[in-house]
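Worksheet: one structure, shown below.
In the UniProt record's numbering, the protein residues as written are 1 to 154.
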């Protein structure tokens with residue numbers, strides 16, 4: 001099975017807890033996983049023969065959390081070409097804001113610019129609808145797993 005790298009950006013810890021939950025659940029499916037702490041990301045370029053999941057909350061006016069901003073900027077400035085990388089995104093936000101899930105949308109744009117391909121549709125979790133984003137993410141894993149199996153990237 002492919003290695004799954006899980007990266008997160010968080011302000012208050014919800015995205016980290018969601019990323020930890022996703023990592024544990026994917027490991028239960030038999031995948032090798034690595035949960036990257038934001039301070040470990042310097043120089044990390046997602047390997048194209050592995051899968052990437054980014055979990056991020058949104059702060060301010062649709063901004064990326066401070067803990068993951070350096071990695072985002074590093075990827076943007078170095079612009080590695082990643083045409084074989086397949087990724088999935090989980091955004092945490094609040095739909096009462098105009099910039100709902102703005103951070104994860106920025107990651108989507110950046111990864112697309114780098115040539116990477118979305119493996120699944122982006123999961124946007126609305127704080128107005130759920131107080132436990134990890135539960136929604138846990139449910140999402142079943143469809144993620146079905147997609148991984150159907151495109152035979154496992």
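Where is the CB? At the ideal position from N, CA and C, for every residue including glycine. Bear in mind the structure is a predicted one, so any value in this text is a computation, not a measurement.
Review point. At which residues does the alpha helix (DSSP H) containing residue 67 begin and terminate?
Key: Where residue 67 is concerned, there is no enclosing alpha helix (DSSP H), given that its DSSP letter is neither H nor E.
Residue 29 and residue 7 - do their beta-carbons sit closer together than 9 Å? no
Report task. Name the one or two DSSP bridge partners that residue 42 has. Result -> Residue 42 pairs with nothing; no bridge assigned.
TODO: Using 10 angstroms around the beta-carbon of residue 113, count the other beta-carbons present and answer buried if the total reaches 16, otherwise exposed.
DONE: exposed
Do the stretch 81-89 and the stretch 108-126 make contact, defined as three or more Cβ pairs closer than 8 Å? yes
**Message:** Less than 8 Å between C-beta atoms, sequence neighbours within five positions excluded: which residues of the same chain meet that for residue 39?
**Reply:** 67
Start and end of the alpha helix (DSSP H) containing residue 61?
-> Where residue 61 is concerned, there is no enclosing alpha helix (DSSP H), given that its DSSP letter is neither H nor E.
- Message: Could you give the first and the last residue of the continuous alpha helix (DSSP H) run that contains residue 22?
- Response: 14-28
Exposed or buried, which one is residue 84 when buried takes at least 16 other CB atoms within 10 Å?
exposed
Residue burial classification, residue 121 (beta-carbon count within 10 angstroms, cutoff 16) | exposed
Exercise. Could you check if residue 61 is buried or exposed, using at least 16 other CB atoms within 10 Å of its CB as the buried criterion?
Key: exposed
Exposed or buried, which one is residue 133 when buried takes at least 16 other CB atoms within 10 Å?
buried
Exercise. Assuming residue 116 contacts residue 65 under a Cβ cut-off of 8 Å, what Cβ separation, rounded to an integer in Å, is found between them?
Worked result: Wrong, their Cβ atoms sit about 21 Å apart, outside the cutoff.
Q. Between residue 25 and the rest of its own chain, which residues show a CB-CB distance below 7 Å, the 5 nearest in sequence each way excluded?
A. 138, 141
Can residue 5 be considered in contact with the ligand FMN, in the sense that its beta carbon sits closer than 8 Å to one or more heavy atoms?
The model on display carries no ligand, and the ligand FMN is accordingly not part of it.
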